[in-house]
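Here the structure is laid out as structure tokens; the discussion comes afterwards.
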Amino acid sequence: MKLNEDILTQAASWFVDLRNAQPGDVIYQAHQDWLVADSRHYDAWKRVERLQKQLQLVPTEIRHETLEKARHSRRQLIKTLVVVLTVGSAGGMAYQQRALSSLVAQHRTGTGERKTIELADGSKVYLNTSTALDVNFSDNVRELTLYRGEVIIETGKGLPSQNFIVKTAQGSVKALGTRFQVRCNDGETWVGVSKHAVEVKSEKANKAVKVQAGHCMSFDALKHSPLNLMPVNMDAWTQGMLIVSNWRLDQFINELARYHKGALRCDGAVASLRISGAFNINNTSSVLENLSSTLPVKVRYFTRYWAQVEPA
Numbered sequence: 000m001k002l003n004e005d006i007l008t009q010a011a012s013w014f015v016d017l018r019n020a021q022p023g024d025v026i027y028q029a030h031q032d033w034l035v036a037d038s039r040h041y042d043a044w045k046r047v048e049r050l051q052k053q054l055q056l057v058p059t060e061i062r063h064e065t066l067e068k069a070r071h072s073r074r075q076l077i078k079t080l081v082v083v084l085t086v087g088s089a090g091g092m093a094y095q096q097r098a099l100s101s102l103v104a105q106h107r108t109g110t111g112e113r114k115t116i117e118l119a120d121g122s123k124v125y126l127n128t129s130t131a132l133d134v135n136f137s138d139n140v141r142e143l144t145l146y147r148g149e150v151i152i153e154t155g156k157g158l159p160s161q162n163f164i165v166k167t168a169q170g171s172v173k174a175l176g177t178r179f180q181v182r183c184n185d186g187e188t189w190v191g192v193s194k195h196a197v198e199v200k201s202e203k204a205n206k207a208v209k210v211q212a213g214h215c216m217s218f219d220a221l222k223h224s225p226l227n228l229m230p231v232n233m234d235a236w237t238q239g240m241l242i243v244s245n246w247r248l249d250q251f252i253n254e255l256a257r258y259h260k261g262a263l264r265c266d267g268a269v270a271s272l273r274i275s276g277a278f279n280i281n282n283t284s285s286v287l288e289n290l291s292s293t294l295p296v297k298v299r300y301f302t303r304y305w306a307q308v309e310p311a
């Protein structure tokens, strides 16, 4: 059974929290409730219990460096555990290396963190929450490798011989203009163009697809999806905002969870409720507290780091 990153994050969070729990703590019953709530939770927990075996799949030099760093931060430890658990299930050294490289990438942001970097050619790269990338400039190419997360790029003026390329696990995006956005989703890459154009090429596709300003598309390693008009406010996160119009509640919660420190999910019973508005992603706890003023929902906290939006 395929386990997504959210479920593995929940399992890793339980693992970390239970390590410090005392006998009789209510967290044990909450953990049991979580296990029986979804069969995927049980499968994820069994994977956690095999963690020591999974760790043997990690290249030694990376394992020592990343796990030592992770011990000093609960959030980083959970991220590291999720990567190792994912690696253990996915197999394949190329995937393992890529996933682990994100933990020691040149430029990284944590959950809820955003920052801007300026490259040697004057290009600006805006990093959204939980993003990791490497930069490689040479005489022939200006290349960014995006391991996870989301970036907005405003390209500078390189040499005529230098292409500007963003590589992801699914393929590459070649800049033909000044401003575009790349986001790594589960098993695919999303690209949106604000100015001029880009060329998108899936890893195993024969031809590249041109995406003009005002349009977007997704692609995986095999194929490109059809072109669509780029939704408005996709770059609102640069201003610390999440702006939505008539979104399903589960879609909204999944997006908000990217900025929330801890596991956050939406109960299926309220998933189809609709929500609109502008929300401050710098204070997700306040957003959650105010949900009940506009929707018939409440937020239930199982632990300090795991919450669920469910019927009031």
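Positions 0 to 311 (numbering that gives the first Met the number 0) are the ones given, in order, by the sequence shown.
Beta carbons are placed, not taken as given, at the ideal position from N, Cα and C, and that holds for glycine.
Remember, it's a predicted structure, so these values are computed and weren't measured experimentally.
What are the boundary residues of the alpha helix (DSSP H) that residue i is part of?
i: Leu226; result: Segment: none, Leu226 is in no alpha helix (DSSP H) and carries neither H nor E.
i: Asn289; result: 283-290
i: Arg39; result: 38-48
i: Asp249; result: 248-256
Short check: CB of residue i to CB of residue j, under 8 angstroms?
i: Asn227; j: Met216; result: yes
i: Asp5; j: Ala262; result: yes
i: Ala104; j: Leu76; result: no
i: Thr167; j: Val150; result: no
i: Asp266; j: Glu202; result: no
i: Asn162; j: Val134; result: no
i: Leu248; j: Ala270; result: yes
i: Thr179; j: Met240; result: Contrary to the premise, residue 179 reads as Phe rather than Thr in this sequence. Cβ atoms of Phe179 and Met240: not closer than 8 angstroms.
i: Trp246; j: Ile274; result: yes
i: Gly276; j: Val243; result: yes
i: Thr283; j: Leu255; result: yes
i: Glu311; j: Ser285; result: First, the residue type needs correcting, since residue 311 is Ala and not Glu in the sequence shown. Cβ distance not < 8 angstroms, so Ala311 and Ser285 don't count as in contact.
i: Asn3; j: Asp185; result: yes
i: Tyr41; j: Leu34; result: yes
i: Gly148; j: Thr188; result: no
i: Ser160; j: Lys200; result: no
What does DSSP give as the partner residue(s) for residue i in the beta ladder?
i: Gln9; result: In DSSP, Gln9 forms no bridge with anything.
i: Ala174; result: Val197
i: Thr237; result: DSSP, once it has assigned bridges, lists no residue as partnering Thr237.
i: Phe278; result: Leu241
i: His106; result: Leu132
i: Val298; result: Val308
i: Gly191; result: Gln180, Cys215
i: Lys78; result: None; Lys78 has no bridge partner.
i: His269; result: Note that residue 269 is Val in the sequence shown here, rather than His. Partner(s): none; Val269 has no beta bridge.
i: Glu4; result: Beta-bridge pairing links Glu4 to no other residue.
i: Val83; result: According to DSSP, Val83 bridges with nothing at all.
i: Ile26; result: Answer by DSSP bridge pairing: none, since Ile26 is not bridged.
i: Lys166; result: Thr144, Ser171
i: Val35; result: Answer is none; Val35 lacks a bridge partner.
i: Val150; result: Leu126, Val181
i: Val15; result: DSSP, once it has assigned bridges, lists no residue as partnering Val15.
Relative to the alpha-carbon of residue i, which residue among the options has its alpha-carbon at the smallest distance?
i: Val190; options: Ala36, Phe218, Glu288, Leu290; result: Phe218
i: Gly176; options: Gly186, Glu153, Gln169, Asp185; result: Glu153
i: Gln238; options: Lys114, Asn162, Val25; result: Lys114
i: Gln169; options: Lys156, Gly155, Ser160, Tyr146; result: Tyr146
i: Ala174; options: Lys156, Glu187, Gln9, Leu272; result: Lys156
i: Lys78; options: Lys45, Ser129, Glu198; result: Ser129
i: Val15; options: Asn3, His30, Leu7, Arg73; result: Arg73
i: Ala10; options: Gly23, Val25, Val82; result: Val82
i: His259; options: Gln21, Pro22, Thr110, Ile26; result: Thr110
i: Glu112; options: Tyr125, Ala119, Pro22; result: Tyr125
i: Thr8; options: Gly186, Lys206, Trp44, Asn289; result: Trp44
i: Ile164; options: Gly121, Glu142, Leu221; result: Glu142
i: Leu221; options: Asp234, Trp236, Val25, Asn205; result: Asn205
i: Asp234; options: Asn127, Asn289, Ser122; result: Asn127
i: Arg49; options: Leu80, Asp24, Val25; result: Leu80
Write down the C-beta distance between residue i and residue j rounded to the nearest angstrom, noting that I regard them as a contact closer than 8 angstroms.
i: Val208; j: Ala196; result: So it is not a contact: roughly 11 angstroms between Cβ atoms.
i: Ser38; j: Tyr304; result: Contact flag wrong, Cβ pair sits at about 23 angstroms.
i: Val192; j: His223; result: With a Cβ gap of about 14 angstroms, Val192 and His223 do not count as contacting.
i: Phe301; j: Ala29; result: 5 angstroms
i: Ala268; j: Leu287; result: Contact flag wrong, Cβ pair sits at about 17 angstroms.
i: Leu17; j: Arg46; result: Contact flag wrong, Cβ pair sits at about 15 angstroms.
Return the first residue and the last residue of the beta strand (DSSP E) that residue i is part of.
i: Asn184; result: 178-184
i: Arg264; result: 262-265
i: Gln161; result: Unbroken run through Gln161: none, as it is neither H nor E.
i: Asp133; result: 131-136
i: His214; result: 214-218
i: Lys203; result: Careful: Lys203 lies outside any beta strand (DSSP E) and carries neither H nor E.
i: Leu126; result: 123-126
i: Val140; result: 140-147
i: Lys114; result: 114-117
Measuring only between beta-carbons, confirm whether residue i sits less than 8 angstroms from chain D.
i: Gln238; result: In the displayed structure, chain D is absent; only one protein chain is listed.
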